[in-house]
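Engineer: These protein sequence lines are chains A and B, in that order.
Under this note's numbering, the residues of the first sequence are numbered 92 to 341, in order.
Under this note's numbering, the residues of the second sequence are numbered 5 to 221, in order.
Backbone N, C-alpha and C fix where the C-beta goes; we use that ideal spot for every residue, glycine too.
These numbers come from a predicted model, not from an experiment.
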Amino acid sequence: MISARDLHKRFGHVEVLKGVSLDMGKGDVIAVIGPSGSGKSTFLRCLNHLETIDRGRIDIEGETLVDTDAQGHCRYVGDADIRRICRKMGMVFQQFNLFPHMTVLQNVIEAPITVKRLRREQILPTAERLLAKVGLAEKHASYPSQLSGGQKQRVAIARALAMEPDIMLFDEPTSALDPELTGEVLRTMRQLAEEHMTMLVVTHEMNFAREVANRVIFMDQGELIEDAPAGEFFANPCHPRTRAFLQSML
Amino acid sequence: MDYVLSLLGPLWQGTTVTLKLFFITLALSVPLGLVLALLRISRLRSISTAVNGYIWLMRGTPLMLQMLFIYFALPFVPVVGIKLPDFPAAVVAFALNYAAYFAEIFRAGIQSINKGQYEGARVLGLTYAQTMRRIVLPQVIKRILPPMSNETITLVKDTSLIYVLALNDLLRVARGIVQRDFTTTPFIVAAAFYLIMTLVLTWIFQRMEKRYARYDD
Numbered sequence: 092m093i094s095a096r097d098l099h100k101r102f103g104h105v106e107v108l109k110g111v112s113l114d115m116g117k118g119d120v121i122a123v124i125g126p127s128g129s130g131k132s133t134f135l136r137c138l139n140h141l142e143t144i145d146r147g148r149i150d151i152e153g154e155t156l157v158d159t160d161a162q163g164h165c166r167y168v169g170d171a172d173i174r175r176i177c178r179k180m181g182m183v184f185q186q187f188n189l190f191p192h193m194t195v196l197q198n199v200i201e202a203p204i205t206v207k208r209l210r211r212e213q214i215l216p217t218a219e220r221l222l223a224k225v226g227l228a229e230k231h232a233s234y235p236s237q238l239s240g241g242q243k244q245r246v247a248i249a250r251a252l253a254m255e256p257d258i259m260l261f262d263e264p265t266s267a268l269d270p271e272l273t274g275e276v277l278r279t280m281r282q283l284a285e286e287h288m289t290m291l292v293v294t295h296e297m298n299f300a301r302e303v304a305n306r307v308i309f310m311d312q313g314e315l316i317e318d319a320p321a322g323e324f325f326a327n328p329c330h331p332r333t334r335a336f337l338q339s340m341l
Numbered sequence: 005m006d007y008v009l010s011l012l013g014p015l016w017q018g019t020t021v022t023l024k025l026f027f028i029t030l031a032l033s034v035p036l037g038l039v040l041a042l043l044r045i046s047r048l049r050s051i052s053t054a055v056n057g058y059i060w061l062m063r064g065t066p067l068m069l070q071m072l073f074i075y076f077a078l079p080f081v082p083v084v085g086i087k088l089p090d091f092p093a094a095v096v097a098f099a100l101n102y103a104a105y106f107a108e109i110f111r112a113g114i115q116s117i118n119k120g121q122y123e124g125a126r127v128l129g130l131t132y133a134q135t136m137r138r139i140v141l142p143q144v145i146k147r148i149l150p151p152m153s154n155e156t157i158t159l160v161k162d163t164s165l166i167y168v169l170a171l172n173d174l175l176r177v178a179r180g181i182v183q184r185d186f187t188t189t190p191f192i193v194a195a196a197f198y199l200i201m202t203l204v205l206t207w208i209f210q211r212m213e214k215r216y217a218r219y220d221d
């Protein structure tokens with residue numbers, strides 16, 4: 092579903108991605124872990140064009156988003172194609188990025204109405220079903236500022252799902268939450284995984300990586316160090332840096 | 005008291021001129037200011053620099069000078085030189101001048117919106133135009149209400165500058181009566197007129213602020 096080849100990215104003089112590759116199949120739930128500054132969020136953000144890469148190739152469901160020619164020139168497809176391809180991926184941010192001037196329900200139906208040109212009554216049943224699914228049906232008329240962090244993040248998940256993406260990207264979805272609120276968000280994500288949603292999750296939640304992900308990727312200093320099935324990854328980490336990192340997390 | 009009542013008719017006449025200039029200026033300068041603000045934050049350097057220069061020129065010279073220039077000097081400028089009647093000349097000067105101030109208010113408002121809002125809209129597939137229209141500008145309105153309130157109140161009072169084009173606005177009418185009757189009462193009545201206008205504006209802006217208070221950022 093996602094194929095990333097040799098992604099390179101630098102911010103000024105800092106090389107944040109030094110040739111990262113990843114292949115992701117349908118139904119894969121991949122956890123990306125690693126110390127802060129390892130480039131894992133940047134990697135995720137490159138996949139849906141929130142950041143542009145300097146070199147490499149990205150294909151989403153068989154369609155090329157960006158490629159690099161023999162001369163090393165990195166070329167993206169046109170703007171309309173970028174939007175169309177990236178719409179296959181939903182994204183959930185650490186800081187939620189809900190629209191504060193809209194109610195919970197308006198947040199969920201905004202993109203289907205504005206982008207997909209659906210009529211309100213066409214999307215309303217879906218929106219209500221999604222809000223019920225994340226356990227917030229009764230909050231549909233609330234504004235984001237009236238919700239707890241965990242509730243906000245669950246609205247953000249419902250909002251992303253309303254566009255019916257094939258892949259969900261999560262950028263540290265629980266890092267801005269109070270510890271007692273991470274559970275409700277992780278439960279929602281686990282439920283999504285059980286429904287075979289394809290998910291790429293940048294996270295610090297080792298339990299989530301261990302229990303929900305089928306693959307775990309470890310990144311450090313802009314490189315992909317290890318990529319293994321979850322059980323193997325935690326039981327038998329190959330690389331010394333992975334071992335050191337896992338040790339430090341305990 | 006009868007004297008005061010006798011002033012109301014002529015002063016109301018002046019007030020209609022004042023209000024006409026106020027509303028036409030507002031109707032023209034708000035959209036123009038928004039366009040300027042959007043051009044000002046454009047990535048195209050040349051456009052942004054040109055708008056910057058325009059804002060500098062309009063804020064950096066007196067409104068009265070701009071008005072006198074458009075009325076007296078513009079007819080002699082090659083190519084664009086047209087002779088405008090007095091009231092349209094005043095409208096053009098006011099609209100161009102206030103658009104520059106509004107542009108800066110809008111720009112500050114737009115730039116105060118968190119980058120995450122753009123990203124949140126982008127990953128949902130919204131275009132830049134849709135993001136501005138649906139996500140950014142509605143939030144900007146709430147944030148710019150206090151400076152907009154200031155600016156529109158200033159505009160009410162600035163309308164008195166059109167006396168230099170011999171237009172009979174509220175203050176010029178009052179001054180005429182003062183000079184005719186040798187009493188300062190008309191000034192006091194005119195002040196009351198201005199206070200009522202700004203009171204209404206203040207009240208409208210307070211209502212809007214209350215309406216937008218239904219959500220927090």
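Would you mind telling me which residues of chain B sit closer than 9 Å to Arg-174/A, beta carbon to beta carbon, in chain order?
Structural biologist: As a first step, residue 174/A is located in the first sequence; it is residue number 83 there, counting from the start. Ordered by position in chain B, the residues that pass the 9 Å Cβ test against Arg-174/A are Arg-126, Gly-129, Leu-130 and Thr-131.
Engineer: Check the Cβ-Cβ distances between Val-206/A and every residue of chain B, and say whether any is below 8 Å.
Structural biologist: Sequence index remark: in the first sequence, residue 206/A carries index 115 (1-based). Judged by the 8 Å Cβ criterion, Val-206/A is in contact with chain B.
Engineer: Under three-state DSSP, which class holds Ile-151/A?
Structural biologist: Along the first sequence, read from residue 1 onward, the residue named residue 151/A stands at position 60. Reduced to three states, the DSSP call for Ile-151/A is strand.
Engineer: By the DSSP assignment, the alpha helix (DSSP H) with Phe-191/B in it spans what residues?
Structural biologist: Sequence index remark: in the second sequence, residue 191/B carries index 187 (1-based). From DSSP, the alpha helix (DSSP H) with Phe-191/B extends over 189 to 216.
Engineer: Rounded to whole angstroms, what is the Cα-Cα separation between Phe-106/B and Glu-155/B?
Structural biologist: Position 102 of the second sequence, counted from the start, is the residue given in the question as residue 106/B. Position 151 of the second sequence, counted from the start, is the residue given in the question as residue 155/B. Going from the Cα of Phe-106/B to the Cα of Glu-155/B covers about 8 Å.
Engineer: Would a C-beta distance cut-off of 8 Å place His-99/A and Gly-147/A closer than the cut-off?
Structural biologist: On the first sequence, position 8 is the one that residue 99/A refers to. On the first sequence, position 56 is the one that residue 147/A refers to. Yes. Within cutoff.
Engineer: How many angstroms separate the CA atom of Ala-170/B from the CA atom of Val-144/B?
Structural biologist: Stepping through the second sequence from its first residue, residue 170/B is reached at position 166. Stepping through the second sequence from its first residue, residue 144/B is reached at position 140. Looking at the two C-alpha atoms, the distance is approximately 39 Å.
Engineer: For Asp-162/B, return the contacting residues in chain A, with the cut-off set at a CB-CB distance below 9 Å.
Structural biologist: As a first step, residue 162/B must be located in the second sequence, where it is residue number 158. The contacting residues do not exist; Asp-162/B stays about 32 Å from chain A at best.
Engineer: Going straight from the alpha carbon of Pro-82/B to that of Tyr-75/B, what length do you get?
Structural biologist: For this step, residue 82/B is matched to residue 78 along the second sequence. For this step, residue 75/B is matched to residue 71 along the second sequence. One C-alpha to the other measures close to 15 Å.
Engineer: Residues in the segment 132 to 160 of chain B with C-beta within 8 Å of chain A's C-beta atoms, listed in sequence order?
Structural biologist: Those would be Gln-134, Arg-138, Ile-139, Pro-142, Gln-143 and Lys-146, in chain order.
Engineer: Could you tell me which whole alpha helix (DSSP H) segments of length 4 or greater appear in the segment 134 to 170 of chain B?
Structural biologist: The segment 134 to 170 of chain B contains these whole alpha helix (DSSP H) runs: 141 to 162.
Engineer: Give, in chain order, every residue of the segment 102 to 125 of chain B whose Cβ lies closer than 7 Å to some Cβ of chain A.
Structural biologist: Residues passing the 7 Å Cβ filter: Gly-120, Gln-121, Glu-123 and Gly-124.
Engineer: Ignoring anything shorter than 4 residues, give me the alpha helix (DSSP H) runs that lie fully in the segment 14 to 66 of chain B, in order along the chain.
Structural biologist: 49 to 64, all fully within the segment 14 to 66 of chain B.
Engineer: Which residue marks the beginning of the alpha helix (DSSP H) containing Lys-119/B, and which one marks its end?
Structural biologist: Indexing the second sequence from 1 puts residue 119/B at position 115. That run of the alpha helix (DSSP H) goes 119 to 127.
Engineer: Mapping the DSSP letters down to three states, classify Cys-137/A as helix, strand or coil.
Structural biologist: Counted from its first residue, the first sequence places residue 137/A at position 46. Cys-137/A: helix per DSSP, three-state reduction.
Engineer: Considering only residues of the same chain and omitting the five flanking positions on each side of Ala-300/A, which have a CB-CB separation below 7 Å?
Structural biologist: Counting from 1 along the first sequence, the entry for residue 300/A is found at position 209. Excluding sequence neighbours, Ala-300/A sits near Ala-122, Ile-124, Thr-294, Val-307 and Ala-321.
Engineer: With DSSP run on the structure shown, which of helix, strand or coil describes Val-120/A?
Structural biologist: Counting from 1 along the first sequence, the entry for residue 120/A is found at position 29. Val-120/A: strand per DSSP, three-state reduction.
Engineer: In the structure shown, what three-state DSSP assignment does Ser-279/A receive?
Structural biologist: Residue mapping note: residue 279/A aligns to position 188 of the first sequence, counting from 1. Going by the sequence as given, residue 279/A is Thr instead of Ser. Note: Thr-279/A maps to helix in three-state DSSP.
Engineer: I want to verify the contact list: residues of chain B whose CB lies under 8 Å from the CB of Pro-191/A, in sequence order.
Structural biologist: Counted from its first residue, the first sequence places residue 191/A at position 100. The answer, in chain order, is Gln-143, Tyr-219, Asp-220 and Asp-221.
Engineer: Please confirm whether Gln-242/A has its beta-carbon closer than 8 Å to some beta-carbon of chain B.
Structural biologist: Translated into positions along the first sequence, residue 242/A becomes position 151. No - not a single Cβ of chain B is within 8 Å of the one on Gln-242/A.
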